[in-house]
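Counting in the numbering used here, the sequence shown runs from 23 upward without gaps. Ideal placement from N, C-alpha and C gives every residue a C-beta, glycine not left out. Quantities reported herein were computed from a predicted structural model and do not represent experimental measurements.
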Amino acid sequence: MTNPPAVAEVLADYEVLVEVGVGRRTAVAAALADRGRAVTATDVVERDVPDGVRFVVDDVTDPNPAVYEDADAVYALRCPPELQRALVSVTERAGADCLFTTLGGDPVVVPADPETVASGTLFAARTRN
Numbered sequence: 023m024t025n026p027p028a029v030a031e032v033l034a035d036y037e038v039l040v041e042v043g044v045g046r047r048t049a050v051a052a053a054l055a056d057r058g059r060a061v062t063a064t065d066v067v068e069r070d071v072p073d074g075v076r077f078v079v080d081d082v083t084d085p086n087p088a089v090y091e092d093a094d095a096v097y098a099l100r101c102p103p104e105l106q107r108a109l110v111s112v113t114e115r116a117g118a119d120c121l122f123t124t125l126g127g128d129p130v131v132v133p134a135d136p137e138t139v140a141s142g143t144l145f146a147a148r149t150r151n
């Protein structure tokens, strides 16, 4: 039996990624940048991010479309239910894949397919793309 992949391993299939709501947990963005992926991290307030990760202040509920337009994937870690629809919406407008994890027992409120990863479950939203 093989161990499930880390979130960064799954996301590394994409070349250009945007992380929504990076907060202070930057390990996944850093791991992707270390693999040569182009990563932009966003949050509603200024955050420190690792070398190789671009940062932009942005609110997914009132997004700047230019932040997402070149992305192959937009992802959020510990995405609360109240932001999942906004995440899917910005992703659909960008023509990108939408992936997210939830915090503990938070429900998934958008149509999504689960994938087991080392830290729990990564959901791939079923978008219109």
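According to DSSP, is Pro103 part of a helix, a strand, or is it coil? Taking the first residue of the sequence shown as position 1, residue 103 is located at position 81. Correct three-state label for Pro103: helix.
Given this structure, state the Cα-to-Cα distance separating Arg76 from Arg150, to the nearest angstrom. To locate residue 76, count along the sequence shown from 1; it is residue 54. To locate residue 150, count along the sequence shown from 1; it is residue 128. Taking the straight line joining both Cα atoms gives about 27 Å.
Residues sharing a beta bridge with Pro136, DSSP: Taking the sequence shown and counting its residues from 1, the one referred to as residue 136 is at position 114. Phe145.
Give every residue of the same chain whose Cβ lies closer than 6 Å to the Cβ of Phe145, excluding the five residues on either side of it in the sequence, and list them in chain order. On the sequence shown, residue 145 is found 123 positions in, with the first residue counted as 1. For Phe145, where only same-chain residues beyond five positions count, the Cβ hits under 6 Å are Phe122, Val130, Ala134, Pro136.
Using three-state DSSP, classify Asp84 as helix, strand or coil. Looking up residue 84 in the sequence shown gives position 62. Asp84: coil per DSSP, three-state reduction.
Let me make sure I understand the geometry here. Which of Glu31, Val66, Leu105 has the alpha-carbon closest to that of Arg2? The structure shown does not extend to residue 2, since the chain is modelled only from 23 through 151, so no value can be given for it.
Return the residue from the list Tyr36, Tyr90, Asp35, Ala147 that minimises the CA-CA distance to Val106. Walking along the sequence shown from the start, residue 106 turns up at place 84. Per the sequence presented here, residue 106 reads as Gln, with Val not at that position. Gln106 has its Cα closest to that of Ala147, out of Tyr36, Tyr90, Asp35, Ala147.
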